[in-house]
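**Student:** Sharing a structure, written as structure tokens. Questions coming.
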Amino acid sequence: MRRQTHSNDMDSQSVQRRCIFVRHHRWRAYIIRRVFRRTCCSCFGRKVDVKILVYVLALLLGSALSASAYDPAKQPPSVDPDSAYELGRVHIHNGEMQKAFWHFRLAVAEDPENFRAHTLMGYSLRHLGRLDEAISAYSKALVVNPAYAEAIEYRGIAHLLRGNRVAAMRDYQKLVLLRSPLAQDLKKLIDESGK
Numbered sequence: 152m153r154r155q156t157h158s159n160d161m162d163s164q165s166v167q168r169r170c171i172f173v174r175h176h177r178w179r180a181y182i183i184r185r186v187f188r189r190t191c192c193s194c195f196g197r198k199v200d201v202k203i204l205v206y207v208l209a210l211l212l213g214s215a216l217s218a219s220a221y222d223p224a225k226q227p228p229s230v231d232p233d234s235a236y237e238l239g240r241v242h243i244h245n246g247e248m249q250k251a252f253w254h255f256r257l258a259v260a261e262d263p264e265n266f267r268a269h270t271l272m273g274y275s276l277r278h279l280g281r282l283d284e285a286i287s288a289y290s291k292a293l294v295v296n297p298a299y300a301e302a303i304e305y306r307g308i309a310h311l312l313r314g315n316r317v318a319a320m321r322d323y324q325k326l327v328l329l330r331s332p333l334a335q336d337l338k339k340l341i342d343e344s345g346k
């Protein structure tokens, strides 16, 4: 049996080869190389480095396809870095507790169910020395999410700073019931305050 080698014939072996290219996602590079080889050889009259041309074309096509495929409506909503909550976190990180308090106050006004904003507002108030307001903010966070261990621990610390060891022990017991590792931290502070 003789094998026919006509470039334009679509025999079964060439169809199989093309299917393999498609299956392995190599067909794009194959087609681009073939088109470039024919186009560049006919345009420039000599052989051009196909790999460089393929790379340039891939970059151009990739950027064009990605730009046309981008649809803002289909993108997941991102956290707004300028949101009051995020700005408050930045101010806490920088040690600017008064500015942080005002941003968390805005965040709580925007979303009263944001227990993390309530907690961090209490955190900033506690560092400003406004312990009663801090305890109130922690309690509001715990109304929204009663199992939020961070708010329970911070409230216990605020109770300790006010001199109320009994309330701090209640918060410690809640942390123990939740099996939170923060319970040991609060217990250590309670023990140190009793000395």
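Using my numbering, the first residue of the sequence shown is number 152, and each one after it goes up by one.
Don't be surprised by glycine CBs; every beta carbon is placed ideally from N, CA and C.
#1: Since histidine 269 contacts lysine 250 with CB under 8 Å, what's their CB separation in whole angstroms?
#2: Look up tyrosine 299 in the DSSP assignment and say whether it is helix, strand or coil.
#3: Exposed or buried, asparagine 245, counting other C-beta atoms within 10 Å across all chains shown (16 or more means buried)?
#4: Once DSSP output is grouped into helix, strand and coil, what is the label at leucine 276?
#5: I need the DSSP call for glutamate 261, collapsed to helix, strand or coil.
#6: Please report how far the alpha carbon of alanine 309 lies from the alpha carbon of tyrosine 299, in whole angstroms.
#7: Our contact map puts glycine 307 next to leucine 271 with C-beta atoms below 8 Å; I'd like the distance itself, whole angstroms only.
#8: The alpha helix (DSSP H) spanning leucine 238 covers which residue range?
#9: Serine 331 lies in the alpha helix (DSSP H); which residues open and close that run?
#10: Taking the straight line between their C-alpha atoms, what separation do you get for glycine 314 and serine 234?
**Tutor:** By the coordinates alone:
#1: Approximately 17 Å separates the beta-carbon atoms of histidine 269 and lysine 250; this is outside 8 Å, ruling out the contact.
#2: coil
#3: exposed
#4: helix
#5: Here glutamate 261 sits in helix by DSSP.
#6: Spanning the two alpha carbons is a distance of roughly 16 Å.
#7: Between leucine 271 and glycine 307 the Cβ distance is about 16 Å, and since that is not below 8 Å, they are no contact.
#8: 235-244
#9: Serine 331 -> no alpha helix (DSSP H), and no H or E assigned at all.
#10: 35 Å
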